[in-house]
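> Residue numbers for the sequence shown, in this note's numbering: 1 to 300.
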Amino acid sequence: MTPTIATQTPPASLHVPVIGWFEQHARDLPWRRPEAGAWGVMVSEFMLQQTPVNRVLPVYEQWMARWPRPADLAADAPGEAVRAWGRLGYPRRALRLHGAAQAITERHGGDVPSEHGQLLALPGIGEYTAAAVASFAYGQRHAVLDTNVRRVFARAATGIQYPPNATTAAERKLARTLLPEEEGRAARWAAATMELGALVCTAKNEDCTRCPIADQCAWRLAGKPAHQGPPRRGQTYAGTDRQVRGRLLAVLRDAVTPVPQSALDAVWEEPVQRARALDGLVADGLVEPLANGRYRLPLT
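(1) Determine the direct distance from the alpha carbon of aspartate 111 to that of tryptophan 39, and round the result to whole angstroms.
(2) With distance defined between alpha-carbon atoms, name the residue in Gly184, Pro180, Glu182, Thr147 nearest to alanine 166.
(3) Taking alanine 186 as the reference, which of Asp284, Leu145, Gly239 has the closest Cα?
(4) For the alpha helix (DSSP H) containing tyrosine 138, name the first residue and the last one.
(5) Contact defined as beta carbons within less than 8 angstroms: I believe arginine 155 pairs with phenylalanine 22. What is the distance between those atoms, to the nearest angstrom?
(6) Need the endpoints of the alpha helix (DSSP H) that arginine 188 sits in, please.
(7) Taking the alpha helix (DSSP H) that tyrosine 60 falls in, what are its first and last residues?
(8) For alanine 12, count neighbouring C-beta atoms within 10 Å of its own C-beta (all shown protein chains included) and say buried if the count is 16 or more, exposed if not.
(9) Tell me whether serine 262 is buried or exposed, calling it buried when 16 or more other Cβ atoms sit within 10 Å of its Cβ.
(10) How long is the line joining the alpha carbons of cysteine 201 and alanine 218, rounded to whole angstroms?
(11) In angstroms with no decimal places, state the Cα-to-Cα distance between isoleucine 5 and leucine 290.
(12) Using the Cα positions of leucine 248 and glutamate 270, report the straight-line distance between them to the nearest angstrom.
(13) What is the DSSP secondary structure of arginine 296, counted as helix, strand or coil?
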């Protein structure tokens with residue numbers, strides 16, 4: 001069933017309080033400043049996927065100081081992007097961002113394109129990132145659906161505690177319905193709903209007393225019914241292949257010369273899982289095997 005606005009109030013009645021709240025309470029983040037430009041917005045969007053702002057901030061600042069334009073990153077080895085990614089997690093994002101920088105340099109003269117279709121055609125860029133860059137960097141009208149926005153819409157508009165595990169066509173339709181018509185205002189709405197979900201309408205311990213649309217929120221008005229859908233996916237890490245991959249990459253990031261197999265063997269004692277994690281890193285292009293059982297971050 002297609003979600004509808006449970007309060008039966010026009011979308012415009014949500015726009016004014018949410019955007020007004022954002023004007024007063026938005027965090028001063030470096031990628032929101034004019035000097036960040038479209039490249040700064042793109043870098044932040046890659047880094048913020050599944051990673052909180054406080055962990056991203058120092059890495060973002062170092063990244064932009066080293067590679068202020070896409071061409072600067074494109075000219076460097078992809079392994080350097082992986083090294084600079086540090087412990088943000090999901091390091092394939094670093095390779096994808098490097099690939100996008102190369103494509104921007106080759107296809108668009110080093111400038112992040114403004115057209116949604118051109119953004120979507122870049123390697124490593126999906127629907128969300130293309131919409132986010134077009135909206136936040138160029139002030140265009142796009143539905144930007146990250147986890148925070150989806151949660152705000154699920155509660156305020158459809159009366160449920162959490163959105164589905166994966167974005168649905170119904171959610172996209174609802175997001176388009178809620179978009180302001182004017183481009184600049186739509187872009188502001190996208191940023192405002194994202195911030196509202198990050199700071200107030202959080203996954204746990206939501207603070208409805210600070211919410212600018214609490215009096216219109218379908219979930220609150222219904223008495224905050226408990227989640228009835230499939231179990232929400234947890235974020236496990238300890239003992240997983242992800243943890244092993246992270247430890248292997250940490251050794252390679254810290255090394256200035258190729259690393260012998262023995263150095264990698266020392267980070268995890270279970271040999272089967274360690275070998276599987278290393279094979280996965282090689283298959284993903286994050287690690288380059290060399291002769292004599294040595295490994296390094298990729299150069300090409």
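All C-beta atoms, glycine included, are put in the ideal place defined by N, C-alpha and C.
Taking the coordinates as given:
(1) 8 angstroms
(2) Thr147
(3) Leu145
(4) 127-138
(5) That pair is no contact at about 17 angstroms.
(6) 183-199
(7) 53-66
(8) exposed
(9) exposed
(10) 13 angstroms
(11) Any reading at isoleucine 5 needs caution, since the residue's pLDDT is 47, under 50, leaving its predicted position unreliable; the model's value is listed next. Whole-angstrom Cα-Cα distance: 58 angstroms.
(12) 13 angstroms
(13) strand
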